[in-house]
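Student: Residue numbers (the working numbering): 786 to 1190.
I am attaching a structure below and will ask some questions about it afterwards.
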């Protein structure tokens, strides 16, 4: 089956589409590894064949991006505008899928659309009369199904949250399928708007893996760069390369609660949005603008390395079970040369070699979109695909809702 995966990240820079051909091998139904990947309590599932046919990226129109950013974690928003944004994004997602099909000369039989996250609160808090966790990914799936002419799986996160999980991260399901190895422990690190990792010990079942958000990825770097230089992002990390890290500022920021929390944990603009950026710039006071960008870039690199050191290689039991020798990088942050240099320097004492997902046949910018194609396939096959050890869920869950054409 050819499945289109559609992803819009917390950076809100646009739409990624991956066309993925997914099948099931004819040999005997799966080993314990696949059973554990579903968390299905012993229910067998077949091993997958996953082939990326191609991918494409489409920037949001400027006014759409501005509307998305304004709506994210907003204290106030007009209901009419939110409803209209839902339908506008549905149209844009559909156009992106159709354009990708035309570009690649292939037609999807199913679409898995993550949608655009406007709000994510993984931990229950009191609201009105109930303690609830909540999430909202917008982009009307019924519109996509009608325009593309195939069923659409969307709204993946609530089912995991209903099962007691945080609704994130969900990409570890694909990480495990693609990157688990009998001899080497791997850390699969995505650096999108938010940075997140999946730690897969050598010879692991999916119930052995640990996955969580490490903190800001590109989101805070982009916001600071736009504020100080009027540019949407620091291309290649060139601005950061010309600056000097403000170590006292960096050390103080890394003392914040999120960085010290134990997994499972997830975050977004609620933690690292406009208020965080405002506070970070205040801490930097009158420093050179280049130094501020260098410091916020170092924040992403250092927070990743600290998480690896304290929560992966130094985690009781996990680090002892596996020698983690590789970090496999994906996401837009992998294109920031200065960030990559900072991260390599921070990881060097741990003996971890950095590699790109591209070296394994999956372009780094396509990985998250491909993940939601695979998750949609599992939902269509009526199989669970949350990884409970990553999200904290109490049970396996079939993710998403289906809109029919």
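Positions of the beta carbon are idealized from the N, C-alpha and C atoms, including for glycine.
#1: To the nearest angstrom, report how far apart residue 1022 and residue 1004 are at their CA atoms.
#2: Measuring only between beta-carbons, confirm whether residue 790 sits less than 7 Å from chain D.
#3: What does the alpha-carbon distance come out to for the pair residue 1171 and residue 1185?
#4: Give the single residue among 982, 965 and 934 whose Cα lies nearest to the Cα of residue 744.
#5: Anyone know if the C-beta pair for residue 1118 and residue 976 falls short of 7 Å?
#6: For residue 967, which residues from the same chain have a beta carbon less than 8 Å from its beta carbon, with the 5 sequence-adjacent residues on both sides left out?
#7: To which residues does DSSP link residue 1186 through a beta bridge?
#8: Taking 7 Å as the cut-off, decide whether the C-beta atoms of residue 790 and residue 1154 are in contact.
#9: Sort 1055, 1074 and 1079 by Cα distance to residue 1032 and report the nearest one.
#10: Can you tell me where the beta strand (DSSP E) holding residue 896 begins and where it ends?
#11: Here's the rule: buried if 16 or more other CB atoms are within 10 angstroms of the residue's CB, otherwise exposed. What is residue 1134?
#12: Run through the DSSP bridge pairs and tell me what residue 998 is partnered with.
#13: Comparing alpha-carbon positions, which option in 1151, 1167 and 1160 lies nearest residue 842?
#14: Once you ignore the five residues that flank residue 1159 on each side, which residues in its own chain have a CB closer than 6 Å to its CB?
#15: Okay, do the segment 867-875 and the segment 1124-1141 touch, 3+ Cβ pairs below 8 Å being the bar?
#16: Around the Cβ of residue 993, are there at least 16 other Cβ atoms within 10 angstroms (buried) or fewer (exposed)?
#17: When the Cβ atoms of the segment 891-903 are set against those of the segment 916-929, are three or more pairs found closer than 8 Å?
#18: Which of the three DSSP states is assigned to residue 1003 in this structure?
#19: What does a CB cutoff of less than 6 Å around residue 826 pick up in its chain, not counting 5 residues either side in sequence?
#20: Based on DSSP bridge pairs, tell me the residues matched to residue 793.
#21: What distance in whole Å lies between the Cβ atoms of residue 1010 and residue 998, which are believed to be in contact at a cut-off of 8 Å?
#22: Whole alpha helix (DSSP H) runs in the segment 1058-1146 with 4 or more residues, listed along the chain?
#23: What residues are listed by DSSP as bridge partners for residue 986?
#24: Give me the Cα-Cα distance between residue 882 and residue 833, rounded to the nearest whole angstrom.
#25: Tell me the residue span of the beta strand (DSSP E) that contains residue 802.
Tutor: Taking the definition as stated:
#1: Here residue 1022 corresponds to residue number 237 of the chain shown, with the count starting at 1. Here residue 1004 corresponds to residue number 219 of the chain shown, with the count starting at 1. Answer to the nearest angstrom: the Cα atoms are 14 Å apart.
#2: The displayed structure is made up of one protein chain only, and chain D is not part of it.
#3: Against the chain shown, residue 1171 aligns to sequence position 386. Against the chain shown, residue 1185 aligns to sequence position 400. Taking the straight line from one Cα to the other gives about 11 Å.
#4: No answer is possible for residue 744: the residues shown for the chain start at 786 and end at 1190.
#5: Position 333 of the chain shown, counted from the start, is the residue given in the question as residue 1118. Position 191 of the chain shown, counted from the start, is the residue given in the question as residue 976. Contact: yes.
#6: Walking along the chain shown from the start, residue 967 turns up at place 182. Only 987 and 988 meet the Cβ criterion.
#7: Within the chain shown, residue 1186 is the residue found at index 401, counting from 1. Answer is 939, bridged to residue 1186.
#8: In the chain shown, the residue the question calls residue 790 occupies position 5. In the chain shown, the residue the question calls residue 1154 occupies position 369. Yes.
#9: Residue numbering aside, residue 1032 sits at position 247 when the chain shown is read from its first letter. Here the closest residue by C-alpha is 1079.
#10: Position 111 of the chain shown, counted from the start, is the residue given in the question as residue 896. It spans 895-912 - the beta strand (DSSP E) in which residue 896 sits, taken as one unbroken run.
#11: In the chain shown, counting from the first residue as 1, residue 1134 sits at position 349. Label assigned to residue 1134: exposed.
#12: The residue you call residue 998 lines up with position 213 of the chain shown. Per DSSP, the beta-bridge partners of residue 998 are 981.
#13: Counting from 1 along the chain shown, the entry for residue 842 is found at position 57. Here the closest residue by C-alpha is 1151.
#14: Taking the first residue of the chain shown as position 1, residue 1159 is located at position 374. For residue 1159, where only same-chain residues beyond five positions count, the Cβ hits under 6 Å are 959.
#15: no
#16: What you label residue 993 is simply residue 208 of the chain shown in a count that begins at 1. By the 10 Å Cβ count, residue 993 comes out buried.
#17: yes
#18: Residue 1003 sits at position 218 when you count from the first residue of the chain shown. Note: residue 1003 maps to coil in three-state DSSP.
#19: The residue labelled residue 826 in the question sits at position 41 within the chain shown. Note that residue 826 has pLDDT 33, beneath the 50 cutoff, so the model's placement of it is unreliable and the number below is only indicative. If we look at residue 826 and ignore the five residues flanking it on each side, it has no Cβ neighbours.
#20: For the purposes of this step, residue 793 is taken as residue 8 along the chain shown, with counting starting at 1. Its beta-bridge partners are 901.
#21: Sequence index remark: in the chain shown, residue 998 carries index 213 (1-based). Sequence index remark: in the chain shown, residue 1010 carries index 225 (1-based). Rounded, the Cβ-Cβ distance is 21 Å, inconsistent with contact.
#22: 1059-1069, 1074-1093, 1103-1106 and 1122-1132
#23: The sequence position of residue 986 within the chain shown is 201, counting from 1. Answer is none; residue 986 lacks a bridge partner.
#24: Locating residue 882 in the chain shown gives position 97, counting from the first residue. Locating residue 833 in the chain shown gives position 48, counting from the first residue. Their backbone Cα atoms lie some 23 Å apart in a straight line.
#25: Numbered from its first residue, the chain shown carries residue 802 at position 17. Start and end: 799-809.
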